[in-house]
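With the sequence shown counted from 1, adding 1 to any position gets you my numbering. Ideal Cβ positions, reconstructed from N, Cα and C, are used throughout, including at glycine. Worksheet for the structure shown next.
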Amino acid sequence: MRRCFSLMFEIVDRDACGRIGRLRTRHGAIVTPAILPVYNPNIPIVSAKELEAEFKAQALMTNAYIIHRDPELRERARRGVHGFLGFHRPIMTDSGAYQAWVYGGGIGLSNREIVRFQEELKPDMAIILDVFTATSSYGEAEKAVEETIRNAVECVEIRERGGILWAAPIQGGRFVDLVRKCAATLSRLPFDIHPLGTLAPSLMAYEFRDLAEMLIVAKTHVTPARPLHAFGIGHPIVFSLAVGLGADLFDSAAYALFAKDLRYMTVSGTRELRDLKEFPCNCPVCSRYSPDEVREMEASDQVKALARHNLYVTFAEMRAIRQAIRENRLWELIQERVRAHPKLLEALRYVLSKYKDDIERYDPTD
């Protein structure tokens, strides 16, 4: 059994429940809050080289399950995921739990097998096989939490390779007592990062109140010594609120998925390309092309242009949030951003009312 990697997660600054931290890995430090764009080696809309050189991505995430199911990718990646992707900064591998939920029937691999395979890939960070809890059944959610905890214990017992920061996801979904239990239990195990699972369905359904409550409950019951990772949250409209409630890391393929549907991200929502007369942005894509010019492109070029814009706005918002924390004005930024959607404002008011004491414990005083 290997204990968790000797991790230095240094807290540099704080505001609200958010914080600027430095997460050290074998391939360099990640300044948090940070987003890891999800990179699919089968569909590289924006290459790993571009993510590193042009977008200055501090780290990226790729899916071990997707790599494993393709024999050619599997053999190439076994020599090391950094060389395989051509990315020289930190890489996190995911286990495929979300795909198991989307497609049903599991991923055809046990937790033991996916842990072993991730060790072969030699990422900087890796995730156990958790169980998604997007269900309205308390009993099903409770079983999912119990299985996730069992898988976490198994990972501790079997992992062998040093230098990997292991992540144990907090599950429970909308049942916040289960989120509380899972966070507290996993905090007692030797892990380095705790993703909070089952957030994406709430984001997609605009159920921001559920998302906010899951975040603050996880934040206040997981050990503060480890980063809290908002699993699958990749739209800039919600970044500031999520950071203000405790999220340190994010990951998402939204930049690419939205682009495929010809959707254009902004910090205040999403626009359809067909509805835009002008781009309300001065990123390199929007400065070079007009909406008409993008619409006249070949389909693949349209998708790449929108994906690049979506990445620019995503990284810009994360920089704005970090600067707001440094200037002790994160709450101001949150109050500005939540006015983009009435349900975001409702979510903020709800958590400030119900969890006021918890938030004040983390919010630094002047």
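N-terminal and C-terminal residue of the alpha helix (DSSP H) that residue i is part of
| i | result |
| --- | --- |
| residue 22 | Element bounds for residue 22: not the alpha helix (DSSP H) but the beta strand (DSSP E), 19-26. |
| residue 133 | Segment: none, residue 133 is in no alpha helix (DSSP H) and carries neither H nor E. |
| residue 240 | 237-245 |
| residue 296 | 292-296 |
| residue 360 | 357-363 |
| residue 224 | Careful: residue 224 lies outside any alpha helix (DSSP H) and carries neither H nor E. |
| residue 287 | 285-289 |
| residue 334 | 331-338 |
Unbroken beta strand (DSSP E) run spanning residue i, endpoints
| i | result |
| --- | --- |
| residue 256 | Not the beta strand (DSSP E): residue 256 falls in the alpha helix (DSSP H), residues 255-261. |
| residue 204 | That residue, residue 204, is in no beta strand (DSSP E); its alpha helix (DSSP H) goes 201-205. |
| residue 270 | 270-273 |
| residue 196 | 195-197 |
| residue 266 | 264-267 |
| residue 317 | Where residue 317 is concerned, there is no enclosing beta strand (DSSP E), although the alpha helix (DSSP H) it sits in stretches over 300-327. |
| residue 127 | 126-128 |
Beta bridge counterpart(s) of residue i as assigned by DSSP
| i | result |
| --- | --- |
| residue 36 | 251 |
| residue 229 | 195 |
| residue 372 | Nothing about residue 372 can be reported from this structure: the residues present for the chain run from 2 to 367 only. |
| residue 15 | 20 |
| residue 10 | 24 |
| residue 234 | DSSP output for residue 234 lists no bridge partner at all. |
| residue 31 | 24 |
Neighbourhood of residue i by C-beta, 8 Å cutoff - its chain only, sequence neighbours within 5 removed
| i | result |
| --- | --- |
| residue 305 | 46, 47 and 260 |
| residue 291 | 279 and 280 |
| residue 211 | 175 and 203 |
| residue 296 | 274, 275 and 303 |
| residue 100 | 64, 66, 67 and 108 |
| residue 263 | 273, 274, 275, 303, 304 and 307 |
| residue 168 | 93, 126, 127, 128, 129, 192, 193, 194, 195, 196 and 230 |
Residues near residue i in its chain [Cβ-Cβ closer than 7 Å; skip 5 each side]
| i | result |
| --- | --- |
| residue 367 | Below a pLDDT of 50, predicted positions are generally treated as unreliable, and residue 367, at 49, falls in that range; the measurement from the model is reported next regardless. Closer than 7 Å at the Cβ level, and outside the excluded window around residue 367, lies no residue. |
| residue 356 | 217 |
| residue 50 | 87 |
| residue 236 | 204, 255 and 266 |
| residue 7 | Reliability of the predicted coordinates at residue 7 is poor, the pLDDT of 43 falling under 50, and no value is obtained from them. |
| residue 11 | 22 and 23 |
| residue 75 | 68 and 69 |
| residue 277 | 265 and 292 |
| residue 368 | The displayed coordinates of the chain run from 2 to 367. Any statement about residue 368 would go beyond what the structure contains. |
Contacts around residue i, its chain only, beta-carbon distance under 6 Å, and the 5 residues preceding and following it disregarded
| i | result |
| --- | --- |
| residue 25 | 9 |
| residue 4 | Residue confidence for residue 4 is low, a pLDDT of 41 falling below 50, so the modelled location carries little weight; the figure read from the coordinates is stated next. For residue 4, where only same-chain residues beyond five positions count, the Cβ hits under 6 Å are 191. |
| residue 2 | Model confidence at residue 2 stands at a pLDDT of 41, short of 50, so the residue's coordinates are unreliable and nothing is read from them. |
| residue 149 | 131, 132 and 172 |
| residue 85 | 77 and 78 |
| residue 125 | 26, 27, 28, 91 and 92 |
| residue 146 | 172, 173, 179 and 183 |
| residue 331 | 16, 17, 19, 245 and 325 |
| residue 81 | 123 |
| residue 241 | 322, 334, 335 and 338 |
| residue 170 | 131, 196 and 198 |
Residue-level contact to chain C via CB, residue i, 9 Å cutoff
| i | result |
| --- | --- |
| residue 365 | Annotation note: the requested chain C is absent from the structure, which comprises a single protein chain. |
Any non-hydrogen atom of the ligand FAD within 8 Å of residue i CB
| i | result |
| --- | --- |
| residue 107 | Summarising the ligand content, the structure contains no ligands, and the ligand FAD is consequently not present. |
Spell out a yes or no on whether the stretch 172-192 and the stretch 108-124 are touching, meaning 3 or more CB-CB pairs, one atom from each, closer than 8 Å.
no
Just to confirm the assignment: which complete alpha helix (DSSP H) runs, minimum length 4, are found wholly within the stretch 53-112? 65-69, 72-78, 82-86 and 98-104
Item to complete: Could you say if the stretch 81-92 and the stretch 245-254 meet the contact criterion of at least three C-beta pairs nearer than 8 Å?
Response: no
Item to complete: Tell me the start and end of each unbroken beta strand (DSSP E) in the stretch 162-194 that is at least 3 residues and wholly inside, in chain order.
Response: 166-168
Three or more beta-carbon pairs under 8 Å between the stretch 189-202 and the stretch 142-157, yes or no?
yes
Subject >> Stretch-stretch touch, CB-based, cutoff 8 Å, three pairs: the stretch 311-324 with the stretch 284-292 >> reply: yes
- Cβ contact (3+ pairs, closer than 8 Å) linking the stretch 354-366 and the stretch 210-222: yes
>> For the structure I just gave you, are there three or more beta carbon pairs, one from the stretch 320-336 and one from the stretch 62-73, closer than 8 Å?
In response: no
Evaluate contact between the stretch 55-66 and the stretch 27-37, counting only Cβ atoms and requiring at least three cross-stretch pairs below 8 Å.
yes
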